[in-house]
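Presented below is the structure to which this report refers.
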Amino acid sequence: MKENLYWWLALKSVVGLGERSIKKLYQAFKDPRLVFEADRLELKALLGDAKAQAIKEKRFSFEPEEVIKLLEREGINWVCLSDPQYPVRLKEIEDPPPVLFYRGELKTVSSFGVVGTRNPDSYSVRYTKELVGFLVSKCYAIASGGAKGIDAYAHKFCIEAGGYTLCLLGMGILEVPQRMQDFILRSGVLLSELLPWEKADKHTFPRRNRLISGISEGVFVVEAGENSGALITAYYAKEQNRPVYVHVGYGTSERWEGCIKLVNEGVAKLVGRVEKFGLKKEVQEEDPVLMALNTPKTLSELSQLLGIDERELHQKLGFYELEGLITRNGSYYFRLKQDWDEYQAHQQFFPSFEEI
């Protein structure tokens, strides 16, 4: 097993060889050791001359043996791309990590990614708790990135609901704060593609996001502004053919502009109440206007969210009012009296959830 790890680390260490190239080599040779034994011309035909030369000359950026010694010394586990324990969904993406380092128990489970802003509205925190509880009840593990905000709450609420959580890291295992490690390992696993000592930087977190989506059956963006990093995860999910869902909360706040953008671009589907969220890769069939009114909204807010002309939308809303499906209070449309009661309650102070 250690020999297998050595050759996967050797591939990972070759200068200029990325995850896409490594997967291509794996598909061709099925064994990382055979890559180094292959003819240079064969490698050149697959990857080009420069990469073939780097492999044959063993131009390593780190020494695989030293990494193995560190893993044993620090009690860090690993799983390689060819191992049966490697997450199945992650194997499917174009650029899976050749080696995943982890602490905790790595279970064979179906997971769902839940991500969002680092500074969520209290409404979004409450929605995250309900969503995560629902997903856990459907036997999904929760995958997220461990960041402050929605990510942290997703892990927290999963554990509290008796679920299993996967924390995909943008840093090496040895760089994880002890408090965060202790919390996740109560009922989850810490996973990283980075070498154990590597620190986080502005490049590692965006790259990490492809793993959150890649390991999951789908991704749910709870709250995201226009420039939120959660959108990167959503775009990766779209590339990986994973369904993407978003929620849009109250008012005209910029907090949900990223979610609205994903809907308008056709990247994501809008989900209102959690109980309307279907898990057969589709949201249960419902009119988008009614779905958008999961929380009270004005005519202009609905028009912006759904990309429907205000005059057309006004006619449809008038019809729904006559049918008794919706009602109105001032400039806000809403579906049921309880929606309006919740909206008014939201205007009051909500005690913040304890940070993990």
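In terms of my numbering, the sequence shown opens at residue 458 and continues consecutively. Glycine is no exception: its CB is placed at the ideal position from the N, C-alpha and C atoms.
In the DSSP assignment, residue 584 falls within the alpha helix (DSSP H) that extends over 579-594. At a Cβ-Cβ threshold of 9 angstroms, residue 653 and residue 629 count as neighbours.
The Cβ atoms of residue 718 and residue 688 lie closer than 9 angstroms to each other.
When secondary structure is reduced to three states using DSSP, residue 643 falls in the coil class, being assigned neither helix nor strand. DSSP, read as helix, strand or coil, puts residue 791 in strand.
With respect to the 9 angstroms criterion, residue 578 and residue 712 are classified as neighbours on the basis of their beta carbons. Residues of the same chain with a CB within less than 6 angstroms of the CB of residue 667, apart from the 5 flanking positions on each side, are 693 in chain order.
Counting every other CB atom within 10 Å of its CB across the protein chains shown gives residue 697 a total of 16 or more, marking it as buried. In the structure shown, residue 782 falls within a coil segment according to DSSP collapsed to helix, strand and coil. Counting of Cβ neighbours within 10 angstroms places residue 586 among the buried residues, the total reaching 16 or more. Around the C-beta of residue 751, 16 or more other C-beta atoms lie within 10 Å, and the residue is accordingly described as buried. In the DSSP assignment, residue 657 falls outside any alpha helix (DSSP H), carrying neither H nor E. Under the Cβ criterion (8 angstroms, minimum of three pairs), the region 587-599 counts as touching the region 611-628.
Under the DSSP assignment, residue 535 falls in the beta strand (DSSP E) whose first and last residues are 534-537. If you look at residue 702, you'll find it in the beta strand (DSSP E) that goes 701-703. With a contact defined as Cβ atoms closer than 8 angstroms, residue 575 and residue 605 qualify at about 5 angstroms.
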